[in-house]
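Engineer: In this note's numbering, the protein residues as written are 1 to 122.
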């Protein structure tokens, strides 16, 4: 994955230099076949006109991409107001001592569980 990102970054960085590298590699073919001024050898163009056209095309692509990117960017600002609230905190009171209750002496409720717990009817 690391190699992928390195190659991707290298392609992004060296993309504007691609026409120049293409000119250097294919110098003879460009000078003989693609040069606009090949009929006038006294200008000593040697394909530089083709190189300038290629560089201008690359620059216009970059400019068009920046313009499209500028058109796609937009900002949405949302304004909202938060009302101030008054927070009040109370410290817990110290527990007071109470008499323990004897739960065995409380009145037993009978018949309560008999209504809830019935066996399934089969």
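C-beta atoms are modelled at their ideal positions from N, C-alpha and C, and glycine is treated no differently.
1. Along the chain, where does the alpha helix (DSSP H) that runs through residue 3 open and close?
2. Over the uninterrupted alpha helix (DSSP H) stretch that includes residue 23, give me the two end residues.
3. Under three-state DSSP, which class holds residue 86?
4. I'd like the list of long-range same chain contacts for residue 95, defined as Cβ closer than 7 Å, with 5 residues on each side in sequence excluded.
5. Helix, strand or coil: which one does DSSP assign to residue 76?
6. Can you tell which of 60, 32 and 117 has the C-alpha that lies nearest to the C-alpha of residue 49?
Structural biologist: Reading off the structure:
1. 2 to 14
2. 18 to 25
3. coil
4. none
5. coil
6. 32
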